[in-house]
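Peer 1: Sending over a structure as structure tokens; questions will come in a sec.
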Amino acid sequence: MNKRILVRCAALVLLAVTAAAVNLPGNPLYGGSRKTAATGSSVGEILPDFSVSCLDGSIFTLSEQRGETVVVNLWATWCAPCVKELPHFDRLLREHGDDTAVLAVHCDPVTEDVEAWLAGYDYGFPVALAGGRALADLLGGGDVLPRTVVISPDGTVLYNAAGSVDYETLLRLTGHGE
Amino acid sequence: MEEKKKRPSVRKPISRRFVQVYAAVLYNAHIRGFAEGTIYRGPLKTVCVPGLNCYSCPAAVGACPLGALQNAVGASASRPAFYVIGTLLLFGLLLGRLICGWACPVGLIQELLYKIPGKKLKKNRATRRLSYLKYGILAVFVLIIPGIYALRRVPLPAFCKYICPAGTLEGALGLMLHPKNGDLRALAGGLFFWKLGLMVLIFAACVFVFRAFCRFLCPLGALYGLMTKLALAGVRVDRDRCVDCGACLRICPVDIRSVGDRECVRCGKCAEICPCGAITVRAGKLVLAGPDLSPGAEGGRRT
């Protein structure tokens, strides 16, 4: 009888500790709360400046791209639609790199060596790791992938939506198509 | 006059339903996920739970072993899936299909649906044949398709993408119904409605057919079933007490050929019905359902 009570108490404690750990902030097992997308990431707003270190050693700073249309793509190696559309961004950069900048941001969780994964491809755009929620939240959230953000030469957000984009849509959004 | 032989009372130290509910709550302890419309992203998410529970459920604290396996197969071109395979082997060899009957939230949902009044389809030759379908689904949707796409370096968890009703219910609907996830709702297209329709069909079938998804479609049950003979947990028959009356086979709600085979979900109904107390459901040395052999226990039912 005592053994049964002990087991039941242990089960209850396990449940209570797990629930407390994953739901309450301030402990190592907490999963982080959802933040409202930062002001400035919606269409028509001016996106706040940001700087991020890329895997190729370069630093991408949004304000340094003024005068060019900037396309930021939030993606991940484990996201099939993301992987399938990466060639479109590469093609966009190769064909219109004189007036368009592209940045690919790999969102959490990082489940493999992204640099090694990219080595199997010959993409020309810089890739950064989101490294937490801050950059993804600034761009509108990394909860739903892929997400594409298009910023005009003067820093205004022209497009910010989750979901795959094809090459024709990218051309249209960046002013290179009909 | 010969005294009528009394059936040995059955010892069940813990209620199977209680364990099922406990497991479902434990796997889904991140309740703030429903309030915020997002999923748990903490360190526990790298740990697989034993039963089928969608990674994308807002409340899920662990990873789904089937989703993890498909993703591991998808990434196998660049690195071997030691962690996932090891985890599945551990679960399968320790507990096997005890997980299906005692620690799978989808199994619980199916059993609750079966309680809805209505005509019930008893197992028959057709259901026995249909039970082989899940092995085909395991091979094609969990291993072959993700494997082929792995060669193209595109992750494609085909079972998750095209079939899994847990993913639709817990993941898709769990996230889409939150007011803040308008961008997710906007993405709903043909694939979503295919899976939604399939989920409704599967759960509707579960009202009339006991554990229809488990028996005919679940690749995780198929995988654990393949390890049945080696699993520490399972159903044991005391051949000295067994009189081959067949009551266990008749009462069993799934498509077993023999007690405790790879179709058995270790529900314990056979142990309860056995007139000779020959059947025990155990997890190692722990008896979950079996004859109460303690002195004075013959003849009454003890809970």
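Chains as they are written, first to last, in this note's numbering: chain H, 1 to 178; chain D, 1001 to 1303.
Quick reminder that beta carbons are idealized off the backbone N, C-alpha and C, glycines included.
1) May I have the straight-line CA-CA distance separating H/ALA76 from D/GLY1268, to the nearest angstrom?
2) Examine chain H for any beta-carbon lying closer than 8 Å to the beta-carbon of D/TYR1040, and answer yes or no.
3) List, from N- to C-terminal side, the beta strand (DSSP E) runs of 3 residues or more that fit wholly inside the segment 1017-1093 of chain D.
4) What does D/SER1009 reach in chain H if we use C-beta pairs closer than 8 Å?
5) Could you name the residues that DSSP lists as bridge partners for H/TYR159?
6) Return the Cβ separation of D/CYS1214 and D/GLN1110 in integer angstroms, given the expectation that the two are a contact with Cβ distance under 8 Å.
7) So, at 8 Å on beta carbons, what are the nonlocal neighbours of D/ALA1172 in its own chain, with the 5 sequence-adjacent residues on each side left out?
8) Roughly how many angstroms separate the alpha carbons of D/LYS1012 and D/ILE1273, rounded to a whole number?
9) Assign H/PHE89 to one of three DSSP states: helix, strand, or coil.
10) Would DSSP call H/PHE60 helix, strand or coil?
11) At the level of alpha carbons, what is the spacing between D/LEU1052 and D/LEU1220?
12) Comparing the C-beta of H/ASP108 with each C-beta of chain D, is any distance below 8 Å?
13) For D/ARG1125, which option in D/ASP1255, D/ARG1282, D/GLU1263 has the closest C-alpha, if you only look at C-alpha atoms?
14) Quick one: does H/GLY120 have its CB under 8 Å from some CB of chain D?
15) Starting from the C-beta of D/PRO1050, find all residues in its chain whose C-beta is less than 6 Å away, skip the five residues before and the five after it, and write them out in chain order.
16) With a 10 Å radius around its C-beta and 16 neighbouring C-beta atoms as the bar for buried, classify D/CYS1248 as buried or exposed.
17) At a Cβ threshold of 8 Å, is D/GLY1300 touching chain H?
18) Given 8 Å as the limit, is there contact between the segment 56-72 of chain H and the segment 117-130 of chain H, that is, 3 or more CB pairs closer than that?
19) Using the rule of at least 16 other Cβ atoms within 10 Å of the residue's Cβ for burial, across every protein chain shown, is H/GLY136 buried or exposed?
20) By the criterion of Cβ-Cβ separation under 8 Å, what are the contact partners of D/ILE1145 in chain H?
21) Would you check if there are 3 or more beta carbon pairs closer than 8 Å linking the segment 1116-1123 of chain D to the segment 39-54 of chain H?
22) Starting from D/SER1056, find everything on chain H with Cβ-Cβ shorter than 9 Å and list it in chain order.
Peer 2: The structure says:
1) The count along the first sequence starts at 1 and reaches residue 76 of chain H at position 76. The count along the second sequence starts at 1 and reaches residue 1268 of chain D at position 268. Each residue's CA atom was taken as its position, placing H/ALA76 and D/GLY1268 some 44 Å apart.
2) Indexing the second sequence from 1 puts residue 1040 of chain D at position 40. At least one CB of chain H lies nearer than 8 Å to the CB of D/TYR1040.
3) Fully enclosed beta strand (DSSP E) runs of 3 or longer: not present.
4) For the purposes of this step, residue 1009 of chain D is taken as residue 9 along the second sequence, with counting starting at 1. Those within 8 Å of D/SER1009 in chain H number zero; the least Cβ separation is about 18 Å.
5) Numbered from its first residue, the first sequence carries residue 159 of chain H at position 159. According to DSSP, H/TYR159 bridges with H/VAL150.
6) Here residue 1214 of chain D refers to the residue found at position 214 of the second sequence. Here residue 1110 of chain D refers to the residue found at position 110 of the second sequence. Taking the Cβ atoms as the reference, D/CYS1214 lies roughly 6 Å from D/GLN1110, within the contact range of under 8 Å.
7) Residue numbering aside, residue 1172 of chain D sits at position 172 when the second sequence is read from its first letter. Closer than 8 Å at the Cβ level, and outside the excluded window around D/ALA1172, lie SER1056, PHE1192, LYS1195, LEU1196.
8) The residue labelled residue 1012 of chain D in the question sits at position 12 within the second sequence. The residue labelled residue 1273 of chain D in the question sits at position 273 within the second sequence. C-alpha separation (whole angstroms): 13 Å.
9) For the purposes of this step, residue 89 of chain H is identified with residue 89 of the first sequence, where counting begins at 1. H/PHE89 falls in the helix class under three-state DSSP.
10) For the purposes of this step, residue 60 of chain H is taken as the residue at position 60 of the first sequence. In this structure, H/PHE60 counts as strand in the three-state DSSP scheme.
11) In the second sequence, counting from the first residue as 1, residue 1052 of chain D sits at position 52. In the second sequence, counting from the first residue as 1, residue 1220 of chain D sits at position 220. Roughly 7 Å separates the two Cα atoms.
12) Position 108 of the first sequence, counted from the first residue, corresponds to residue 108 of chain H. In terms of beta-carbon proximity, H/ASP108 lines the interface with chain D, with at least one pair separated by less than 8 Å.
13) Here residue 1125 of chain D refers to the residue found at position 125 when the second sequence is read from its first residue. Ranking the options by Cα distance to D/ARG1125, first place goes to D/ASP1255.
14) By 1-based counting over the first sequence, the position of residue 120 of chain H is 120. Judged by the 8 Å Cβ criterion, H/GLY120 is in contact with chain D.
15) Here residue 1050 of chain D refers to the residue found at position 50 of the second sequence. Only PHE1091, ILE1099, ALA1103 meet the Cβ criterion.
16) Within the second sequence, the letter at position 248 stands for residue 1248 of chain D. Looking at its Cβ environment, which holds 16 or more other Cβ atoms inside 10 Å, D/CYS1248 is buried.
17) The residue given as residue 1300 of chain D occupies position 300 in the second sequence. With a pLDDT of 38 at D/GLY1300, under the threshold of 50, the modelled position of that residue is not reliable, and the figure given next carries that caveat. No, because no Cβ of chain H sits closer than 8 Å to the Cβ of D/GLY1300.
18) Remark: three or more beta-carbon pairs, one from each stretch, lie closer than 8 Å, so the segment 56-72 of chain H and the segment 117-130 of chain H are flagged as touching.
19) The residue labelled residue 136 of chain H in the question sits at position 136 within the first sequence. Contrary to the premise, residue 136 of chain H reads as Ala rather than Gly in this sequence. Label assigned to H/ALA136: buried.
20) For the purposes of this step, residue 1145 of chain D is taken as residue 145 along the second sequence, with counting starting at 1. At a C-beta separation below 8 Å, D/ILE1145 has no neighbours in chain H, since its nearest C-beta there lies roughly 12 Å away.
21) The answer is no - the segment 39-54 of chain H does not touch the segment 1116-1123 of chain D, with fewer than three Cβ pairs under 8 Å.
22) The residue you call residue 1056 of chain D lines up with position 56 of the second sequence. In chain order: nothing, as chain H lies at least about 10 Å away.
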